[in-house]
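Structure first, commentary second.
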Amino acid sequence: MNRISIRSLALTGISFVILLPVKIVLGQTPEDEFAITLPSARTELREAPSERELQAPTQVVVLGTGTPIPDAFRAGSSIAVIHKGESYLFDAGAGAVRNAAIARYKYDIPSLYPSLICCVFFTHLHSDHTMDFSELAHTMWWRRNAGLRAWGPEGIERMANGLLEMNSVDVDLRTGGLQPVQNPDGFRVAARTIESGILLEKDDLVIEAFVVDHGDIHPAYGFKVTTDDLSLVISGDTAYSEAIVEKAQGVDLLFHEVISQQGLLQNSPGFQRYHNSAHTTSEELARLANIARPGLLVLYHGLFYGTEEELVLDEIRAIYDGEVILAEDLDVFPQR
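The working numbering numbers the first residue of the sequence shown as 3 and each following residue consecutively.
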(Lines of atoms letter the chains of each structure in order from A and count residues from 1; the text may use other names and numbers.)
(Lines give C-alpha, C1' and ligand atoms only; values in the text may rest on other atoms or scores of the structure.)
Protein backbone atom coordinates (compact mmCIF):
# COMPACT_ATOMS: atom_id res chain seq x y z
CA MET A 1 0.00 0.00 0.00
CA ASN A 2 1.30 3.46 -0.87
CA ARG A 3 1.81 5.71 2.14
CA ILE A 4 2.73 9.35 2.64
CA SER A 5 5.89 9.92 4.66
CA ILE A 6 5.19 11.80 7.86
CA ARG A 7 7.83 13.36 10.06
CA SER A 8 7.29 15.20 13.29
CA LEU A 9 9.67 18.00 14.23
CA ALA A 10 10.03 19.89 17.48
CA LEU A 11 10.78 23.60 17.11
CA THR A 12 10.61 26.06 19.99
CA GLY A 13 8.29 23.72 21.83
CA ILE A 14 5.84 23.41 18.91
CA SER A 15 5.26 20.12 17.09
CA PHE A 16 4.85 20.26 13.32
CA VAL A 17 3.73 17.50 10.98
CA ILE A 18 5.36 17.78 7.55
CA LEU A 19 3.94 15.78 4.68
CA LEU A 20 6.75 14.82 2.32
CA PRO A 21 5.72 13.86 -1.21
CA VAL A 22 6.37 10.28 -2.17
CA LYS A 23 6.53 9.06 -5.74
CA ILE A 24 3.53 6.82 -6.23
CA VAL A 25 3.35 4.28 -9.05
CA LEU A 26 -0.20 3.16 -9.67
CA GLY A 27 -0.71 -0.39 -8.49
CA GLN A 28 2.64 -0.62 -6.70
CA THR A 29 2.78 -1.94 -3.16
CA PRO A 30 5.71 -2.99 -0.96
CA GLU A 31 4.79 -6.62 -1.70
CA ASP A 32 4.07 -6.13 -5.39
CA GLU A 33 6.28 -4.15 -7.73
CA PHE A 34 3.66 -4.40 -10.46
CA ALA A 35 3.00 -1.09 -12.19
CA ILE A 36 0.76 -0.17 -15.09
CA THR A 37 0.45 2.67 -17.51
CA LEU A 38 -3.11 3.79 -18.08
CA PRO A 39 -4.20 5.18 -21.44
CA SER A 40 -5.13 8.84 -21.31
CA ALA A 41 -8.75 9.79 -22.04
CA ARG A 42 -9.45 6.53 -23.83
CA THR A 43 -12.99 5.88 -25.02
CA GLU A 44 -14.08 2.26 -25.18
CA LEU A 45 -17.03 0.95 -27.15
CA ARG A 46 -18.24 -2.63 -27.31
CA GLU A 47 -21.23 -4.23 -28.96
CA ALA A 48 -20.89 -7.52 -27.11
CA PRO A 49 -18.41 -9.45 -24.96
CA SER A 50 -15.55 -11.14 -26.78
CA GLU A 51 -15.16 -14.91 -26.92
CA ARG A 52 -12.28 -14.60 -24.45
CA GLU A 53 -14.55 -12.80 -21.97
CA LEU A 54 -17.33 -15.34 -22.43
CA GLN A 55 -14.96 -18.21 -21.65
CA ALA A 56 -13.17 -16.54 -18.73
CA PRO A 57 -13.76 -17.86 -15.20
CA THR A 58 -15.88 -15.80 -12.83
CA GLN A 59 -13.86 -13.13 -11.04
CA VAL A 60 -14.49 -10.82 -8.11
CA VAL A 61 -12.74 -7.46 -7.87
CA VAL A 62 -12.96 -5.43 -4.68
CA LEU A 63 -13.48 -1.83 -5.79
CA GLY A 64 -13.89 -0.35 -2.32
CA THR A 65 -13.33 -1.56 1.23
CA GLY A 66 -13.97 1.64 3.14
CA THR A 67 -16.57 3.13 5.46
CA PRO A 68 -18.15 6.59 5.89
CA ILE A 69 -14.81 7.76 7.34
CA PRO A 70 -12.67 9.38 4.59
CA ASP A 71 -9.68 7.16 3.87
CA ALA A 72 -6.85 7.94 1.45
CA PHE A 73 -6.34 4.24 0.73
CA ARG A 74 -9.86 2.80 0.77
CA ALA A 75 -12.70 3.78 -1.55
CA GLY A 76 -16.31 3.46 -0.43
CA SER A 77 -17.86 0.02 -0.30
CA SER A 78 -18.13 -1.74 -3.67
CA ILE A 79 -17.59 -5.28 -4.96
CA ALA A 80 -17.68 -6.27 -8.64
CA VAL A 81 -18.53 -9.74 -9.91
CA ILE A 82 -17.41 -10.33 -13.49
CA HIS A 83 -19.14 -13.16 -15.35
CA LYS A 84 -19.27 -13.91 -19.07
CA GLY A 85 -18.16 -10.45 -20.08
CA GLU A 86 -20.49 -8.45 -17.82
CA SER A 87 -19.69 -6.65 -14.56
CA TYR A 88 -22.22 -6.64 -11.74
CA LEU A 89 -21.50 -4.15 -8.95
CA PHE A 90 -22.69 -4.53 -5.38
CA ASP A 91 -22.79 -1.03 -3.89
CA ALA A 92 -21.01 1.97 -5.36
CA GLY A 93 -19.29 3.99 -2.67
CA ALA A 94 -17.18 7.05 -3.40
CA GLY A 95 -14.16 6.17 -5.53
CA ALA A 96 -15.55 2.87 -6.80
CA VAL A 97 -15.86 4.04 -10.41
CA ARG A 98 -12.27 5.27 -10.52
CA ASN A 99 -11.12 1.94 -9.12
CA ALA A 100 -13.21 0.17 -11.76
CA ALA A 101 -11.33 2.08 -14.44
CA ILE A 102 -8.01 1.11 -12.84
CA ALA A 103 -9.03 -2.55 -12.55
CA ARG A 104 -10.17 -2.58 -16.17
CA TYR A 105 -6.55 -2.13 -17.27
CA LYS A 106 -4.70 -3.71 -14.37
CA TYR A 107 -6.56 -6.99 -14.84
CA ASP A 108 -7.60 -6.60 -18.50
CA ILE A 109 -11.33 -6.76 -17.75
CA PRO A 110 -13.10 -4.75 -20.49
CA SER A 111 -16.52 -4.87 -18.79
CA LEU A 112 -15.15 -2.81 -15.88
CA TYR A 113 -14.78 0.22 -18.13
CA PRO A 114 -17.30 2.49 -16.35
CA SER A 115 -19.68 3.13 -19.26
CA LEU A 116 -19.77 -0.61 -20.01
CA ILE A 117 -20.88 -1.62 -16.49
CA CYS A 118 -24.43 -2.87 -16.85
CA CYS A 119 -25.78 -3.35 -13.36
CA VAL A 120 -25.55 -2.29 -9.74
CA PHE A 121 -27.20 -3.84 -6.69
CA PHE A 122 -27.42 -1.81 -3.48
CA THR A 123 -27.40 -3.45 -0.06
CA HIS A 124 -28.89 -0.30 1.48
CA LEU A 125 -28.92 3.40 0.69
CA HIS A 126 -26.45 4.90 3.15
CA SER A 127 -24.24 7.42 1.38
CA ASP A 128 -21.01 5.45 1.81
CA HIS A 129 -22.56 2.76 -0.40
CA THR A 130 -24.17 5.05 -2.98
CA MET A 131 -21.98 8.12 -3.55
CA ASP A 132 -20.77 6.85 -6.94
CA PHE A 133 -24.26 5.94 -8.15
CA SER A 134 -24.36 9.12 -10.24
CA GLU A 135 -20.78 8.62 -11.42
CA LEU A 136 -21.60 5.10 -12.51
CA ALA A 137 -24.83 6.05 -14.25
CA HIS A 138 -23.63 9.17 -16.02
CA THR A 139 -19.94 8.80 -16.80
CA MET A 140 -19.88 8.80 -20.64
CA TRP A 141 -23.63 8.18 -20.65
CA TRP A 142 -23.88 9.32 -24.28
CA ARG A 143 -21.71 6.33 -25.30
CA ARG A 144 -23.61 3.72 -23.30
CA ASN A 145 -25.24 0.92 -25.28
CA ALA A 146 -27.99 0.97 -22.64
CA GLY A 147 -28.68 2.88 -19.47
CA LEU A 148 -27.54 1.52 -16.12
CA ARG A 149 -29.81 -0.98 -14.37
CA ALA A 150 -30.07 -0.61 -10.58
CA TRP A 151 -31.65 -2.75 -7.88
CA GLY A 152 -32.05 -1.66 -4.28
CA PRO A 153 -34.34 -1.29 -1.27
CA GLU A 154 -37.22 1.16 -0.91
CA GLY A 155 -35.96 4.58 -1.97
CA ILE A 156 -33.87 3.42 -4.93
CA GLU A 157 -36.34 4.76 -7.49
CA ARG A 158 -36.52 8.15 -5.75
CA MET A 159 -32.73 8.26 -5.63
CA ALA A 160 -32.47 7.39 -9.33
CA ASN A 161 -35.00 10.07 -10.24
CA GLY A 162 -33.03 12.57 -8.19
CA LEU A 163 -29.87 11.70 -10.10
CA LEU A 164 -31.67 12.27 -13.38
CA GLU A 165 -32.92 15.65 -12.21
CA MET A 166 -29.46 16.65 -10.98
CA ASN A 167 -27.85 15.73 -14.30
CA SER A 168 -30.62 17.00 -16.57
CA VAL A 169 -28.65 20.16 -17.30
CA ASP A 170 -25.75 18.07 -18.59
CA VAL A 171 -28.13 16.03 -20.74
CA ASP A 172 -29.67 19.18 -22.23
CA LEU A 173 -26.27 20.69 -22.98
CA ARG A 174 -24.93 17.58 -24.70
CA THR A 175 -28.05 16.71 -26.69
CA GLY A 176 -28.74 20.32 -27.67
CA GLY A 177 -25.34 21.13 -29.15
CA LEU A 178 -22.89 19.89 -31.75
CA GLN A 179 -21.64 16.92 -29.73
CA PRO A 180 -22.40 13.57 -31.38
CA VAL A 181 -24.56 11.56 -28.98
CA GLN A 182 -24.55 7.85 -29.73
CA ASN A 183 -27.40 7.05 -27.34
CA PRO A 184 -29.67 9.96 -26.34
CA ASP A 185 -31.30 7.72 -23.72
CA GLY A 186 -28.05 6.43 -22.23
CA PHE A 187 -28.49 8.65 -19.15
CA ARG A 188 -31.67 6.89 -18.03
CA VAL A 189 -31.47 4.54 -15.06
CA ALA A 190 -33.81 1.56 -14.81
CA ALA A 191 -34.26 1.32 -11.03
CA ARG A 192 -36.15 -1.48 -9.32
CA THR A 193 -37.20 -1.80 -5.68
CA ILE A 194 -36.30 -5.26 -4.43
CA GLU A 195 -37.58 -7.83 -1.99
CA SER A 196 -35.99 -11.05 -0.81
CA GLY A 197 -35.57 -13.66 -3.51
CA ILE A 198 -33.93 -14.17 -6.87
CA LEU A 199 -33.38 -10.87 -8.68
CA LEU A 200 -31.54 -11.92 -11.80
CA GLU A 201 -30.89 -15.14 -13.69
CA LYS A 202 -28.72 -15.06 -16.79
CA ASP A 203 -27.11 -18.18 -18.23
CA ASP A 204 -25.70 -19.89 -15.12
CA LEU A 205 -25.59 -16.66 -13.06
CA VAL A 206 -28.07 -16.32 -10.20
CA ILE A 207 -28.24 -13.23 -7.96
CA GLU A 208 -30.36 -13.53 -4.83
CA ALA A 209 -31.22 -10.92 -2.18
CA PHE A 210 -31.95 -11.65 1.47
CA VAL A 211 -32.73 -9.40 4.44
CA VAL A 212 -30.00 -8.67 6.99
CA ASP A 213 -30.07 -6.72 10.25
CA HIS A 214 -28.54 -3.25 9.90
CA GLY A 215 -29.94 -1.78 13.10
CA ASP A 216 -32.82 0.60 12.43
CA ILE A 217 -32.26 0.60 8.64
CA HIS A 218 -35.12 -1.46 7.21
CA PRO A 219 -34.79 -3.23 4.95
CA ALA A 220 -31.11 -3.82 4.33
CA TYR A 221 -29.97 -6.67 2.12
CA GLY A 222 -27.17 -9.12 1.59
CA PHE A 223 -26.63 -10.86 -1.71
CA LYS A 224 -25.74 -14.37 -2.79
CA VAL A 225 -24.19 -14.84 -6.22
CA THR A 226 -23.90 -18.27 -7.77
CA THR A 227 -22.33 -19.30 -11.09
CA ASP A 228 -21.23 -22.65 -12.43
CA ASP A 229 -17.70 -22.07 -11.09
CA LEU A 230 -18.07 -19.78 -8.04
CA SER A 231 -20.36 -19.04 -5.11
CA LEU A 232 -20.17 -16.02 -2.85
CA VAL A 233 -22.13 -14.05 -0.29
CA ILE A 234 -21.84 -10.29 0.24
CA SER A 235 -23.05 -9.23 3.67
CA GLY A 236 -23.55 -5.51 3.18
CA ASP A 237 -23.78 -3.69 6.52
CA THR A 238 -25.27 -5.93 9.17
CA ALA A 239 -25.18 -7.13 12.73
CA TYR A 240 -24.83 -10.88 13.30
CA SER A 241 -27.35 -12.41 10.91
CA GLU A 242 -28.79 -15.92 10.86
CA ALA A 243 -29.71 -15.29 7.23
CA ILE A 244 -26.02 -14.98 6.39
CA VAL A 245 -25.25 -18.14 8.34
CA GLU A 246 -27.81 -19.94 6.17
CA LYS A 247 -26.91 -18.42 2.80
CA ALA A 248 -23.14 -18.66 3.29
CA GLN A 249 -23.04 -22.36 4.11
CA GLY A 250 -20.02 -23.73 2.25
CA VAL A 251 -19.70 -20.85 -0.23
CA ASP A 252 -16.35 -20.25 -1.87
CA LEU A 253 -16.16 -16.63 -0.69
CA LEU A 254 -17.87 -14.76 2.14
CA PHE A 255 -17.37 -11.00 1.97
CA HIS A 256 -18.37 -9.68 5.38
CA GLU A 257 -18.19 -6.33 7.14
CA VAL A 258 -16.50 -6.21 10.53
CA ILE A 259 -15.80 -3.97 13.51
CA SER A 260 -12.89 -4.41 15.89
CA GLN A 261 -13.97 -5.77 19.26
CA GLN A 262 -11.23 -3.91 21.13
CA GLY A 263 -11.57 -0.79 19.01
CA LEU A 264 -15.30 -0.60 19.74
CA LEU A 265 -14.57 -0.19 23.45
CA GLN A 266 -12.83 3.11 22.73
CA ASN A 267 -16.14 4.66 21.66
CA SER A 268 -18.70 6.43 23.81
CA PRO A 269 -21.52 4.27 25.24
CA GLY A 270 -23.93 5.77 22.72
CA PHE A 271 -21.78 4.85 19.73
CA GLN A 272 -21.09 1.41 21.19
CA ARG A 273 -24.84 0.75 21.35
CA TYR A 274 -25.32 2.04 17.81
CA HIS A 275 -22.48 0.04 16.28
CA ASN A 276 -23.41 -3.12 18.17
CA SER A 277 -26.94 -2.87 16.76
CA ALA A 278 -25.86 -2.25 13.17
CA HIS A 279 -22.54 -4.04 12.65
CA THR A 280 -20.79 -7.34 13.37
CA THR A 281 -17.94 -7.49 15.86
CA SER A 282 -14.88 -9.59 15.08
CA GLU A 283 -15.87 -12.13 17.74
CA GLU A 284 -19.41 -12.42 16.37
CA LEU A 285 -18.09 -12.83 12.84
CA ALA A 286 -15.71 -15.57 13.97
CA ARG A 287 -18.64 -17.49 15.48
CA LEU A 288 -20.66 -16.99 12.29
CA ALA A 289 -17.79 -18.24 10.14
CA ASN A 290 -17.34 -21.30 12.35
CA ILE A 291 -20.90 -22.30 11.47
CA ALA A 292 -20.96 -21.27 7.79
CA ARG A 293 -17.41 -22.52 6.99
CA PRO A 294 -16.80 -20.54 3.78
CA GLY A 295 -13.80 -21.42 1.65
CA LEU A 296 -12.39 -17.96 2.35
CA LEU A 297 -13.65 -15.25 4.69
CA VAL A 298 -12.88 -11.81 3.23
CA LEU A 299 -13.22 -8.81 5.54
CA TYR A 300 -14.27 -5.46 4.12
CA HIS A 301 -15.98 -2.28 5.33
CA GLY A 302 -13.89 -2.56 8.49
CA LEU A 303 -14.29 -0.16 11.38
CA PHE A 304 -11.10 -0.18 13.44
CA TYR A 305 -11.59 2.95 15.60
CA GLY A 306 -7.94 3.88 15.54
CA THR A 307 -6.57 0.43 16.37
CA GLU A 308 -4.18 -1.41 14.07
CA GLU A 309 -6.08 -2.96 11.17
CA GLU A 310 -4.35 -6.31 11.67
CA LEU A 311 -5.79 -6.52 15.19
CA VAL A 312 -9.18 -7.49 13.80
CA LEU A 313 -7.57 -10.50 12.12
CA ASP A 314 -6.02 -11.55 15.42
CA GLU A 315 -9.41 -11.24 17.12
CA ILE A 316 -11.05 -13.48 14.52
CA ARG A 317 -8.24 -16.04 14.37
CA ALA A 318 -8.43 -16.49 18.13
CA ILE A 319 -11.84 -18.14 17.56
CA TYR A 320 -12.00 -19.14 13.88
CA ASP A 321 -9.52 -21.58 12.35
CA GLY A 322 -10.53 -21.11 8.71
CA GLU A 323 -8.90 -18.98 6.03
CA VAL A 324 -9.49 -15.24 6.56
CA ILE A 325 -7.98 -12.13 5.00
CA LEU A 326 -8.51 -8.38 5.25
CA ALA A 327 -9.33 -7.08 1.77
CA GLU A 328 -7.60 -4.13 0.15
CA ASP A 329 -8.98 -2.05 -2.70
CA LEU A 330 -8.35 -3.74 -6.07
CA ASP A 331 -7.92 -7.21 -4.60
CA VAL A 332 -9.12 -9.89 -7.02
CA PHE A 333 -10.63 -13.30 -6.23
CA PRO A 334 -10.35 -16.22 -6.48
CA GLN A 335 -6.64 -15.84 -5.83
CA ARG A 336 -5.30 -18.09 -8.58
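Heads up, the beta-carbon is just placed ideally off N, CA and C, and yes, glycines get one too.
Asked, Found
"Contact belief for M168 with S136 at Cβ below 8 Å, rounded distance in angstroms", "7 Å"
"Cβ distance (whole Å) where G149 is taken to contact V191 below 8 Å", "6 Å"
"Whole-angstrom C-beta distance between L305 and P262, which should lie under 8 Å", "First, the amino acid is wrong: residue 262 is Ser here, not Pro. The pair is a contact, with the Cβ atoms about 7 Å apart (cut-off 8 Å)."
"Within 8 Å, strictly: CB atoms of H303 and A222", "no"
"Of the listed residues Y107, F212, A294 and V183, nearest to I196 (C-alpha basis)", "F212"
"Completely contained beta strand (DSSP E) runs for the region 63–134, where each covers 3 or more residues", "80–85, 88–92 and 121–123"
"Proximity of T60 and T229 at Cβ, strictly below 8 Å", "yes"
"Cβ neighbour criterion (16 or more within 10 Å) applied to A96", "buried"
"E35 versus Y109 - alpha carbon distance", "The predicted model places E35 with a pLDDT of 43, which falls under 50 and marks its position as unreliable, so this point remains unresolved."
"Three-state class that DSSP yields for Q184 in the structure shown", "coil"
"Close beta carbons around A193, own chain, < 6 Å, minus the five adjacent residues each side", "A152, I158, E159 and A162"
"Buried or exposed by the 16-neighbour rule on C-beta atoms within 10 Å, applied to S237", "buried"
"Among E88, R76 and R48, nearest to D205 - alpha-carbon criterion", "E88"
"Unbroken stretches of the alpha helix (DSSP H), 4 residues or longer, contained in the region 281–326", "284–294 and 311–319"
"N- and C-terminal bounds of the alpha helix (DSSP H) containing A245", "E244 to K249"
"Nearest candidate by alpha-carbon position, reference L180, set V208, S243, W144 and S198", "W144"
"Residue nearest to T141 in terms of C-alpha spacing, selected from S279, S129, D73 and C120", "C120"
"Check whether Y90 and A82 have beta carbons under 8 Å apart", "yes"
"Whole-number beta carbon distance between I84 and I111, since they are thought to touch under 8 Å", "6 Å"
"Collapsed DSSP secondary structure at F335 in the structure displayed", "strand"
"Candidates G154, A139 and K226: closest to G188 by CA position", "A139"
"Between the CA atoms of H220 and E156 - distance to the nearest angstrom", "9 Å"
"Pick from E244, A294, P336 and Q337 that is closest to Y322, judged by C-alpha positions", "A294"
"Pairwise C-alpha distance: T177 and S233", "42 Å"
"C-beta atoms of E46 and Y107 nearer than 8 Å", "no"
"Residue range of the unbroken beta strand (DSSP E) whose run includes A193", "A192 to T195"
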